[in-house]
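Student: Residue numbers (this note's numbering): 269 to 790. Note that CB positions come from ideal geometry on N, CA and C, so glycine has one too.
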Amino acid sequence: MNASPGLPSATSYDPREILRRVRSARSFSERFDSFSDIYVWVLAAIVALTYLASALYGTIFVLLGEGVPHLELASARWSLDAVVLFLLPVLLLLVFRLMLYLGPNAVGPQQADWWLPLPADRRVLLLPAWRRALGLGAAAGIFLGLLWALALFALTGTSSPPLLLWAVGFFALAGLGSAAAAGVLQGAGRQQAARRFCSAGLRVLAASYVLLWAAQLFGMGAADAGQVAWQQSLLEVGLWMILCSGALAAAVPCILWSSRRLAGTPGAALREGGLRQQQLAGAIMQADARGVQLDAGRRRNRGSGRLARGLPVALTVIVLRCVRGGYWKPALGFSAAILVLLLSVRAAANPLALAGALAILLVVLGTSLAEVLRPTATQPELGLMLGVARSQMERAMTVVAVGLSLAVLGFWSLGLWGIGALVEATWWAWAAAVLFAALGLASAGLAHARRAERDWEEIFAGAANEMSLAAVLIQQAWTLLRAAASGAALYVLILAPAAAVPWGIWAVCLLSAAPSLKKIAG
Numbered sequence: 269m270n271a272s273p274g275l276p277s278a279t280s281y282d283p284r285e286i287l288r289r290v291r292s293a294r295s296f297s298e299r300f301d302s303f304s305d306i307y308v309w310v311l312a313a314i315v316a317l318t319y320l321a322s323a324l325y326g327t328i329f330v331l332l333g334e335g336v337p338h339l340e341l342a343s344a345r346w347s348l349d350a351v352v353l354f355l356l357p358v359l360l361l362l363v364f365r366l367m368l369y370l371g372p373n374a375v376g377p378q379q380a381d382w383w384l385p386l387p388a389d390r391r392v393l394l395l396p397a398w399r400r401a402l403g404l405g406a407a408a409g410i411f412l413g414l415l416w417a418l419a420l421f422a423l424t425g426t427s428s429p430p431l432l433l434w435a436v437g438f439f440a441l442a443g444l445g446s447a448a449a450a451g452v453l454q455g456a457g458r459q460q461a462a463r464r465f466c467s468a469g470l471r472v473l474a475a476s477y478v479l480l481w482a483a484q485l486f487g488m489g490a491a492d493a494g495q496v497a498w499q500q501s502l503l504e505v506g507l508w509m510i511l512c513s514g515a516l517a518a519a520v521p522c523i524l525w526s527s528r529r530l531a532g533t534p535g536a537a538l539r540e541g542g543l544r545q546q547q548l549a550g551a552i553m554q555a556d557a558r559g560v561q562l563d564a565g566r567r568r569n570r571g572s573g574r575l576a577r578g579l580p581v582a583l584t585v586i587v588l589r590c591v592r593g594g595y596w597k598p599a600l601g602f603s604a605a606i607l608v609l610l611l612s613v614r615a616a617a618n619p620l621a622l623a624g625a626l627a628i629l630l631v632v633l634g635t636s637l638a639e640v641l642r643p644t645a646t647q648p649e650l651g652l653m654l655g656v657a658r659s660q661m662e663r664a665m666t667v668v669a670v671g672l673s674l675a676v677l678g679f680w681s682l683g684l685w686g687i688g689a690l691v692e693a694t695w696w697a698w699a700a701a702v703l704f705a706a707l708g709l710a711s712a713g714l715a716h717a718r719r720a721e722r723d724w725e726e727i728f729a730g731a732a733n734e735m736s737l738a739a740v741l742i743q744q745a746w747t748l749l750r751a752a753a754s755g756a757a758l759y760v761l762i763l764a765p766a767a768a769v770p771w772g773i774w775a776v777c778l779l780s781a782a783p784s785l786k787k788i789a790g
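(1) Under 7 Å, do E662 and K787 count as touching if we go by C-beta distance?
(2) Suppose you measure from the CA of G565 to the CA of L473; what does that come to, to the nearest Å?
(3) Starting from H716, follow the alpha helix (DSSP H) in both directions and report where the run begins and ends.
(4) Assess, as a yes-or-no matter, whether the stretch 669-678 is touched by the stretch 582-601 under the definition of 3 or more beta carbon pairs within less than 8 Å.
(5) Are the CB atoms of V375 and L538 nearer to each other than 7 Å?
(6) Give me, in chain order, the residues of the same chain whose beta-carbon lies closer than 8 Å to that of W770; leave out the 5 immediate sequence neighbours on both sides.
(7) Determine the direct distance from the alpha carbon of I762 to that of G688, and round the result to whole angstroms.
(8) Give the C-beta separation of M665 and L588 to the nearest angstrom, bearing in mind that I take them to be a contact with Cβ-Cβ under 8 Å.
(9) Going by DSSP, which residues form a beta bridge with W346?
(10) In angstroms, rounded to a whole number, what distance separates the CA positions of G514 and F465?
(11) Could you tell me the alpha carbon to alpha carbon distance between L778 and V702, rounded to whole angstroms?
(12) To test your reading of the DSSP string, which unbroken beta strand (DSSP E) runs of 3 or more residues are found completely within the stretch 405-430?
(13) How about A450 and G409: do their beta carbons lie closer than 7 Å?
(14) Along the alpha helix (DSSP H) that carries Y477, what are the first and last residues, could you check?
(15) Within its chain, find whatever has a CB closer than 7 Å to the CB of T635; leave out the 5 residues flanking it on each side and keep chain order.
(16) Can you check which of these residues, Y307, W695 and A621, is closest to G333 by C-alpha distance?
(17) Please report the distance separating the alpha-carbon of L741 from that of R750.
(18) Determine whether the beta carbon atoms of L607 and G532 lie at a separation below 7 Å.
(19) Could you name the residues of the same chain whose beta carbon sits closer than 7 Å to that of A615, not counting the 5 residues immediately before and after it, in chain order?
(20) Once you ignore the five residues that flank G772 on each side, which residues in its own chain have a CB closer than 7 Å to its CB?
(21) Between which residues of its own chain and A380 is the CB-CB distance below 8 Å, once the five residues before and five after are set aside?
(22) By DSSP, does L749 sit in helix, in strand, or in coil?
(23) Shortest alpha-carbon distance to A645 belongs to which of L630, V668 and L353?
(24) Return helix, strand or coil for T533, following the three-state DSSP convention.
(25) Run the CB neighbour count on S681, radius 10 Å, all protein chains shown included, and call it buried at 16 or more, exposed below.
(26) At a cut of 8 Å, does the stretch 407-423 reach the stretch 450-461 through at least three beta carbon pairs?
(27) Compute the Euclidean distance between the alpha carbons of S277 and V392, then round it to the nearest angstrom.
(28) Taking the CB atoms as reference points, tell me whether L511 and F438 lie closer together than 7 Å.
(29) Assuming the contact rule is C-beta atoms closer than 8 Å, A435 and A461 should be a hit. Round their C-beta distance to whole Å, please.
(30) In whole angstroms, give me the CA-to-CA distance for D349 and L420.
(31) Taking the straight line between their C-alpha atoms, what separation do you get for W774 and A757?
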């Protein structure tokens, strides 16, 4: 029964060789999946950069108002170059704030559920997460740096490839340093304090803009000379070389420090970072920010309670959500920023800029109203829990939306009247247009709040050609278009104040306001 020497030897079985082959095949699959994800995101970033550059050039053309009669304001002392100069530190703070929000060291939910509870070495998870965080910071810096450099070249009328490379390199190094510093703060659990620091920095920059503008209004020559010197130095390669050297000197210690503190990053922070990055990626792919969870702000119970005292229960719930959630801040802050820009920048107070800013304001206000009304609009059981009928809840939502819209549009109207843009417009036509716009915004915000989630893969697969695809996209953005169309009469009065508003425009406004009128009338 023994095997003869002439027979072939049995195949040797080596478990280590099989494990090595399986591990090699798995590593190749993971690398291929990672490359595919990076390729898709880079392609999406290039497409987004192309469209944003076109929108940026259009915005600059509108703000310059070339060939369009504009208001000659005595307070307009600055050019758009000064605004671009102030945008430089603002963008750097925004990159740092984004890194703080995203983690940046993050582990996906599936990996977190499997690996974090195990008493194993986390370096196999932490090192890839650290590298992804640095890459994410550099990519965010490059993206914003390209947009900023394109705006600078469009305003100055020059183009310099070396200047572009040095500027983008500075933003990339700043993004690397921001990601590394955010990783250190994440490991130390100081993200909330750093976010408050970023918010304070943005407020300081806004106050500096106003103070320097006031200094120019009062005839301080030092402010003018400093502004001109900085604008000229932005076009010199030497300044960007110095800035890149400073960014590199700040980024290298941050990167080394974050690599040493990487092992101390708690598992809860890694899990939270992965969840937030997944939410942000889903929001970008779905073009819907409802899945993004923001940090809860500080509650001001005393003031909000006094504001809602004596109101019906349905109105109280919606008003408290609006005030405590801070949903009034985007529209009011955008209005204040646009008014300051119109007052301080030469040639910005032109009809095209005013109409474009108003259209953006209506869209921002419509989305804010949708966030305020979403719980009560999508959960009918809330009305039953409060003992309020469905019709009363609908009326309360509409009344709050109309009131908030009237407040923001009233603030906007006072600003336009103050700069002299509504001198030739009749007051009753403007008041009627504001009322119709508020009613239309309420109906558009309620419709946007009830919009269901979309499957873009199925939507694009159902489009046969370009025309059907455009029709599908218009249908998906219909609620935002309704919000912008609610101010049709306002656009006409801004572009042609002395002309009468056509009846067709009034009909469009009435159609936009009809759902709100029906709900208020009951």
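Tutor: The structure says:
(1) Start at 1 with the first residue of the sequence shown, and residue 662 comes out as number 394. Start at 1 with the first residue of the sequence shown, and residue 787 comes out as number 519. Against a cut-off of 7 Å, the Cβ pair of K787 and E662 comes out as a contact.
(2) Here residue 565 corresponds to residue number 297 of the sequence shown, with the count starting at 1. Here residue 473 corresponds to residue number 205 of the sequence shown, with the count starting at 1. Bear in mind that the predicted position of G565 carries a pLDDT of just 49, short of 50, making it unreliable; the figure below should be weighed with that in mind. G565 and L473 have their C-alpha atoms some 21 Å from each other.
(3) Taking the first residue of the sequence shown as 1, we reach residue 716 at position 448. W695 to A717 is the span of the alpha helix (DSSP H), which, as asked, contains H716.
(4) yes
(5) Within the sequence shown, the letter at position 107 stands for residue 375. Within the sequence shown, the letter at position 270 stands for residue 538. Going by C-beta atoms, V375 is nearer than 7 Å to L538.
(6) Stepping through the sequence shown from its first residue, residue 770 is reached at position 502. The identity of residue 770 in the sequence shown is Pro, whereas the question assumes Trp. Closer than 8 Å at the Cβ level, and outside the excluded window around P770, lie V760.
(7) Looking up residue 688 in the sequence shown gives position 420. Looking up residue 762 in the sequence shown gives position 494. Taking the straight line joining both Cα atoms gives about 11 Å.
(8) Against the sequence shown, residue 665 aligns to sequence position 397. Against the sequence shown, residue 588 aligns to sequence position 320. Going by Cβ atoms, the distance from M665 to L588 rounds to 14 Å, so no, they are not a contact pair.
(9) Locating residue 346 in the sequence shown gives position 78, where the first residue counts as 1. Paired residues: V613.
(10) Here residue 514 refers to the residue found at position 246 of the sequence shown. Here residue 465 refers to the residue found at position 197 of the sequence shown. Cα to Cα, the separation comes out at about 21 Å.
(11) Residue 778 sits at position 510 when you count from the first residue of the sequence shown. Residue 702 sits at position 434 when you count from the first residue of the sequence shown. Looking at the two C-alpha atoms, the distance is approximately 12 Å.
(12) none
(13) Counting from one through the sequence shown, the residue named residue 450 turns up at place 182. Counting from one through the sequence shown, the residue named residue 409 turns up at place 141. No, the pair does not count as a contact, with Cβ atoms beyond the cut-off.
(14) For the purposes of this step, residue 477 is identified with residue 209 of the sequence shown, where counting begins at 1. Note, Y477: alpha helix (DSSP H), Q459 to L485.
(15) Taking the first residue of the sequence shown as 1, we reach residue 635 at position 367. If we look at T635 and ignore the five residues flanking it on each side, its Cβ neighbours are H716.
(16) Locating residue 333 in the sequence shown gives position 65, where the first residue counts as 1. Cα-wise, what sits closest to G333 is A621.
(17) For the purposes of this step, residue 741 is taken as residue 473 along the sequence shown, with counting starting at 1. For the purposes of this step, residue 750 is taken as residue 482 along the sequence shown, with counting starting at 1. The straight-line gap from Cα to Cα measures roughly 14 Å.
(18) Position 339 of the sequence shown, counting from 1, holds the residue named residue 607. Position 264 of the sequence shown, counting from 1, holds the residue named residue 532. In this structure, G532 does not lie closer than 7 Å to L607 by Cβ.
(19) For the purposes of this step, residue 615 is taken as the residue at position 347 of the sequence shown. Around A615: L332, G333 and H338.
(20) In the sequence shown, the residue the question calls residue 772 occupies position 504. Cβ neighbours of G772 within its own chain (closer than 7 Å, five residues either side excluded): none.
(21) The sequence position of residue 380 within the sequence shown is 112, counting from 1. Excluding sequence neighbours, A380 sits near G535, L538, R539 and G542.
(22) For the purposes of this step, residue 749 is taken as the residue at position 481 of the sequence shown. Helix.
(23) As a working note, residue 645 is residue 377 in the sequence shown. Comparing Cα positions, the closest option is V668.
(24) As a working mapping, residue 533 is identified with position 265 in the sequence shown. Residue state, collapsed to three classes: coil.
(25) Translated into the one-based positions of the sequence shown, residue 681 becomes position 413. So S681 counts as buried.
(26) no
(27) In the sequence shown, residue 277 corresponds to position 9, counting from 1. In the sequence shown, residue 392 corresponds to position 124, counting from 1. Residue placement at S277 is flagged as unreliable, the pLDDT there being 45, under the threshold of 50; a coordinate-derived value is accordingly withheld.
(28) If you number the sequence shown from 1, residue 511 lands on position 243. If you number the sequence shown from 1, residue 438 lands on position 170. Closer than 7 Å, so yes.
(29) Reading the sequence shown from its first residue, position 167 is the one you call residue 435. Reading the sequence shown from its first residue, position 193 is the one you call residue 461. Going by Cβ atoms, the distance from A435 to A461 rounds to 31 Å, so no, they are not a contact pair.
(30) As a first step, residue 349 must be located in the sequence shown, where it is residue number 81. As a first step, residue 420 must be located in the sequence shown, where it is residue number 152. For D349 and L420, the distance between alpha carbons rounds to 7 Å.
(31) Reading the sequence shown from its first residue, position 506 is the one you call residue 774. Reading the sequence shown from its first residue, position 489 is the one you call residue 757. Each residue's alpha carbon lies about 7 Å from the other.
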